[in-house]
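Under our numbering, the first residue of the sequence shown carries the number 259, and numbering increases by one thereafter. Report on the following structure.
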Amino acid sequence: MIRVFFIVIGVLMAPPAMAQNQVATENSNVAELRTLDTLTGVVKDLAIEVGQTVSYERLTITVKECRYPKDNPSSDAYAYLIIQDIRESTPRFDAWMIASSPALSALDHPRYDVWLLRCKIPEG
């Protein structure tokens, strides 16, 4: 039990040291998502603007934020998504989703899969 206590204390003390390695990010106005209806096998790509809610089959998908690394825009984009089944009162997903690791924080739905592909990089 004491060993677990020291492990927990070590983990709690780690974030300040990790904060030194933070990556500069840019905000995007559009999140590019891919959806899969696991019953029919139909795959569809969606481009959703930040702040917009889009209906897909029985889901509503809202993008709150979309960010990507400033130095390497093609890697590790992440977006804050709210995904709700229209037949339910609470969202099925309300969290950050990471493009390079979709299983890390995934939508838990019996029929649909939704994952982040990238944040669209503004032209200019």
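We put the beta carbon where it would ideally sit given N, CA and C, even for glycine. A quick note: this is a predicted structure, and the numbers were derived from the prediction, not measured.
Restricting attention to beta strand (DSSP E) runs no shorter than 3 residues, the region 311-346 encloses them at 311-314, 317-327 and 336-343, ordered along the chain. Pairing glutamate 323 with asparagine 287 gives a Cβ-Cβ distance that is not under 8 Å.
Measuring C-alpha to C-alpha distances from isoleucine 379 to each of Leu297, Arg325, Thr311 and Arg292 identifies Arg325 as the nearest. Of the candidates Thr283, Gln280, Ala289 and Asn330, Ala289 places its Cα closest to the Cα of isoleucine 340. The Cβ atoms of glutamine 310 and valine 321 lie closer than 8 Å to each other. Taking C-beta separations shorter than 6 Å and ignoring five residues to either side along the sequence, the partners of aspartate 371 in its chain run Leu294, following chain order. Burial check for isoleucine 319: the Cβ neighbour count within 10 Å reaches 16 or more, so the residue is buried. For glutamate 381, the secondary structure class from DSSP, reduced to helix, strand or coil, is coil.
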